[in-house]
Amino acid sequence: MEEKNNWKAWLYLAPVLILMAIFTFFPLINTFVISFMKDYNATTGANSGFTFDNYGVVLGLTERIQGSGVLDTTFVAWGKPSALTNTLLITFVTVPISVVLALFISILLNNIKFMKSFFQTIFFMPYVTNIIAVGMVFAIIFSGSGVFNKIFGLTTSWVSPGSSWGNSMFVLCLYIIWTALPYKILIFSSGLQGIDKQYYQAAKIDGSSKVKTAFKITIPLLSPQILYITITSFIGAFKEYNAVIGLFNRNYTSNGNVPDLYTVVFYIYDKISAGASRMQYAAAAAVILFVIIMLFTIVQMQVSKKKVHY
Amino acid sequence: MNRVPRITTELNLIIPGKQKDVRTTEQVDKVFHIIALVICYALIIFAACIVIFPFLYMILGSFMQEDELIAGAFIPSQGNLWENIAYNYTETLSRFNYFKYVGNTLVVGLSTTCLCLIITIVSAYAFARLKFRGRDTLFTIFLGTMMIPGEMMVISNYTTMSNLGLIGNNQQDWQAFVVMILPFIASVFYIYLLRQNFKQIPNELYLAAKVDGKSDWDYLWKVMVPLAKPTLITIFILSLIGSWNAYVWPKLVVNDSNNWLISVAIRGEALALEDPNGVMITQYSWQMCATVLTVVPLLLLFIIFRKYIMSGTGRAGIKG
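For the protein sequence lines, the chains are A and B, in the order given. Its first residue numbered 13, the first sequence is counted upward by one per residue in the numbering used here. Its first residue numbered 66, the second sequence is counted upward by one per residue in the numbering used here.
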C-alpha cells in the first residue's frame, strides 16, 4: 500500500511544492547569497564576487562608497535612536506588558459567566481590524489638540511631525500593545478552559486565596500557552512595521524625515524601495533579523524547558 | 469480608476559631464573592472601554465637523449632525475611490483565497491520509518555514518579479494583480489547520469508500471536503481578511494607484481641502470616514463569522 501511494502523494503535493520552491525555498537561499554579494545589481544580477562588506555597511562599520567617510547609522547607532535599538525597545516593552495584561484579562474573564462571550468578542475585535486604518485613528486621538490631551488636560505633542522621539515611541508602544492583546487573550482563554476544575476545588478546600490560586495553579498550568505566546509575540514584535506606517505618516528617508522611528523591517523595506543597487543591504539586514529571531527562540526554548509543565 | 462500608454524604465542617459558625462563614463567603465579582466586572468593563474606544472615536470622528475633531471634541455637535455626516461621506467618496479599491481588494482576495483553498485541500489530504516516504520530514520542513521572517522571501520575490518584467514603471494592470496574488497562494498555516481536521475523520470511512470502489480523488471531494466544511470556511474568511489588511507587498509592487488595495489606498490617498491661500490641508474628519469605510466591513464580517474566526485562530496559529 505504501509503495502504491507514493507517486500519487507527490502528485497531490506537486502544486504546493512548486509554489513553495519558487516563493519560499528559492528566495530563502537566494537572500542568503545576495547578502554576501559584492556590488550586486538586482536588475541585471551582476556582482563581483563575495564579501562581508554588506553586513559592515548595515551595521555602520564600513562605508558604502569607499573613501566617502560616511557611515550608515540608521540600522544601529550608539547614543541615538536606530532601527535595531527601536526594535529591541519595542520588543522588551510591549511583549511583557501585553502578555501580563492579556493573562490578567483572561483570568478575569474566566471568573465571570454573565456576558462572558460578549466581552470575549469585544476583546477580540482589534485582531481583525486594519492596522493601518486604526493607526490613523490613534494618530488623531493623540494629536496636539486631540481628545487624549483634552481628557488629561495636556498639550503634549505626541505623534505629529516634530514631536519628541520618546513621546512618539510611547504612543507606538501603546498602539502595539492594543493590537497585540486580542490574540493572546484568545489563546489564554482557551487554555484556561482546559484546566481541570478539580484543581480549583482542591485549592478552595485548602482555603487558598484567589491571588494565591492564580499564581500557584492557574499560571503554572497555563505555562505551555504562555511559552507559545511569548515566543510568537517576540517574533511578531521584532517584525513590527505596519503600526509605524499607520501611526506616523513618516515615509522613507528620501523625503528628508529623520529616521528616528525606524524598525528593522522598516529599514529592510526602505532599502528594497531605494533601488536595485541597495538590495544586498536589505538582504543582509533580513539575515540579521532571521538570526536574531532564531537565537531568541532557541534561548526561550532552553530557558523554559525546566519551567514549563506539560 | 462481606461488610459493606457505610458511605455518608454528610460533611463535618471544622472551622478554626470558635466564635464562627457555619452560617456566618457562608455569609461572609457570599459577601466576599459578590465583592470579587463586582471588582471583576468593573475591571473588565474598564478594559473593554479602552479596547473599544478607538472604534467608537473613529465613528464619532467621521460625524464631526473638521474643527470639532481637531479641537478634540468627544461627541459631534447635535445641531446639523445629518448634514455633517452626509457632507463628510460624500466629500470623502468623491476623493477616495472606495469602490474601485474594494473591487481591487476583492479580486485579489477572492482569487488568492480560492486558489489557496484548492491547493490547501489537496496537500492537506496528502499529508493527512496518504502514506509516502519522507512525509513527516517534509511536513516538519513546511512547519519550520513559518518561523522564518517573511522579509527573507520578500527581497528575492521582488527581484524575481521585476526580472520577469512584472514590476516596473510600465506595469500592466493584469501584471499588478498577478504579482499581488501569486506569492500568497501556498500557505503552510492553512495546510496545517486543514491537515489537523482531516486527521480527525475516522479511518473507517476511508476503508468503506474503498470497499465501494471509490478512488482517493472521489473520497477527498465527496467525503472529506464536506466533512471539513467549518475549517474550510475558517480558512476562507481568514484569507480574505488577510488580503483586506495586506499592506507591505501590495505597496511595494504596485505602481499605478488605480490598482491599489484598500489598505494601501487609505494611507496613500490625500484627503485634503484647498484653503483660500491655495494650501492643501488634510481633512482628518474625511480620513476618519475612509477608515470607517475600511474597518466597518471587517467588523461586520467578524461579527457574522465570529465562531469560525475565533476557533481558527485559537487553534495555535501564527499571525501574519
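Ideal Cβ positions, reconstructed from N, Cα and C, are used throughout, including at glycine.
- Between residue 172/A and residue 147/A, the C-beta spacing is not below 8 Å.
- Just measuring C-alpha positions, the residue of 205/A, 53/A and 317/A sitting nearest residue 224/B is 53/A.
- The beta-carbon of residue 179/B is placed no less than 8 Å from the nearest beta-carbon of chain A.
- The region 110–157 of chain B is shown to contain whole alpha helix (DSSP H) runs of 4 or more residues at 131–135, in chain order.
- When secondary structure is reduced to three states using DSSP, residue 306/A falls in the helix class.
- The DSSP-derived three-state label of residue 206/B is helix.
- Residue-level contact check: residue 277/A touches chain B, since one or more beta carbons of chain B fall below 8 Å from its beta carbon.
- When DSSP states are grouped into helix, strand and coil, residue 296/A belongs to the helix group.
- It is roughly 8 Å from the alpha-carbon of residue 152/A to the alpha-carbon of residue 135/B.
- The shortest CA-to-CA distance from residue 170/B to any of 343/B, 327/B and 377/B is the one to 327/B.
- Assigned with DSSP and collapsed to three states, residue 353/B falls in helix.
- Between the region 229–244 of chain B and the region 25–32 of chain A, the count of C-beta pairs closer than 8 Å stays below three; the two stretches do not touch.
- 8 Å or more divides the Cβ of residue 288/A from the Cβ of residue 184/A.
- Annotation for residue 339/B: no alpha helix (DSSP H) segment contains it, though the beta strand (DSSP E) segment containing it runs 337–339.
- For residue 201/A against residue 132/A, the beta-carbon gap comes to about 7 Å, under 8 Å, which counts as contact.
- Taking the beta carbon of residue 352/B as reference, the chain A residues within 8 Å of it are 148 and 152, listed in sequence order.
- Distance from residue 159/A to residue 122/B at the Cβ level is roughly 7 Å; contact confirmed, criterion being Cβ atoms closer than 8 Å.
- The beta carbon of residue 202/A sits closer than 8 Å to some beta carbon of chain B.
- Under DSSP, the beta-bridge partners assigned to residue 62/A are 49/A.
- A straight line joining the alpha-carbon of residue 180/A with that of residue 115/B spans about 19 Å.
- Minimum Cα-Cα distance from residue 203/B among the listed residues 174/B, 253/B, 161/B and 162/B corresponds to 253/B.
- Put simply, the CB of residue 298/B is far from chain A, with every gap to its CB atoms at 8 Å or more.
- At a cut-off of 8 Å between C-beta atoms, residue 59/A does not count as an interface residue with respect to chain B.
- Each residue's CA atom was taken as its position, placing residue 200/B and residue 40/A some 22 Å apart.
- Taking C-beta atoms as the reference points, residue 234/A and residue 204/A count as a pair closer than 8 Å.
- Setting aside the 5 residues that flank it on each side, residue 164/B has no residue in the same chain whose C-beta is closer than 6 Å to its C-beta.
- The CB of residue 160/B never comes closer than 7 Å to any CB in chain A; the least such distance is about 15 Å.
- The beta-carbon separation of residue 246/A and residue 103/A, rounded to 6 Å, stays under the 8 Å limit for a contact.
- Those residues of the region 133–159 of chain B placed with their C-beta closer than 9 Å to a C-beta in chain A are 134, 135, 136, 137, 138 and 139, ordered along the chain.
- Contact annotation: in the region 83–109 of chain A, no residue has its CB less than 8 Å from a CB in chain B.
- The beta-bridge partner set that DSSP reports for residue 347/B consists of 337/B.
- In chain order, 247, 305, 306 and 309 make up the part of chain A whose C-beta sits under 8 Å from the C-beta of residue 212/B.
- Closer than 8 Å to the CB of residue 126/B there is at least one CB belonging to chain A.
- Residue 371/B has a beta carbon lying within less than 8 Å of a beta carbon in chain A.
- Judged by DSSP in its simplified three-state form, residue 281/B adopts helix.
- By alpha-carbon distance to residue 166/B, the top candidate from 332/B, 291/B, 92/B and 303/B is 332/B.
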